[in-house]
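Here's the structure we're looking at; comments come further down.
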Amino acid sequence: MAHECLVCGFPGLNEPPRASNGGGSFEICPSCGFQFGVSDDDAGFTFAQWRADWVNRGAPWSSQGRSKPRGWDGLAQLAGRRKSASRKGSKSGGQAGRN
Ligand SMILES: [Zn+2]
């Protein structure tokens with residue numbers, strides 16, 4: 125089952141970014157390059173900070189090992205994520221980005 129990146133909305137993560145106990149998956153998102161449990165816990169980035177930086181760089185595909193899906197567009201992906209997140213109404217606590 126695929127999981128969605130909490131930073132960029134990439135829908136193809138192999139593991140949930142955060143376990144129910146709060147631990148990171150240590151999976152690196154191939155889209156934005158965020159590593160759950162490392163970029164946040166160790167490096168101190170919030171999702172919002174990482175996302176803003178990624179967007180500033182033009183929302184590039186980050187993975188070298190995994191090839192970019194055909195027609196992939198980081199900004200479109202992010203826009204779709206925002207829409208669905210607000211429809212669902214977020215109930216996730218914890219690391220929500222603060223600006
Ligand atoms: Zn991502």
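Offset between the sequence shown (1-based) and my numbering: plus 124. Every residue gets a Cβ at the ideal spot worked out from N, C-alpha and C, and that includes glycine.
Candidates the options: which alpha carbon is nearest residue i's?
{"i": "A172", "options": "R190, L137, P184 and F158", "result": "F158"}
{"i": "A183", "options": "E128, A200 and R142", "result": "A200"}
{"i": "N296", "options": "P154, H127, D166 and V131", "result": "Because the chain spans 125 through 223 in this model, residue 296 falls outside it and cannot be assessed."}
I'd like to check one pair, residue j with residue i: are the Cβ atoms closer than 8 Å?
{"i": "W174", "j": "S186", "result": "no"}
{"i": "G204", "j": "G136", "result": "no"}
{"i": "G161", "j": "F169", "result": "no"}
{"i": "P141", "j": "G147", "result": "no"}
{"i": "P154", "j": "R194", "result": "no"}
*asked:* Going residue by residue through the region 145-206, where are the continuous beta strand (DSSP E) segments of at least 3 residues, counting only ones entirely within it?
replied: Scanning the region 145-206 from its first residue to its last, no whole beta strand (DSSP E) run of 3-plus residues comes out.
inquiry  = Just to be sure I understand the criterion: a residue counts if its Cβ is closer than 6 Å to at least one heavy atom of ligand 1. Which residues meet that?
reply    = Residues flagged by the Cβ proximity filter: C129, V131, C132, F134, C153, S155, C156 and F158.
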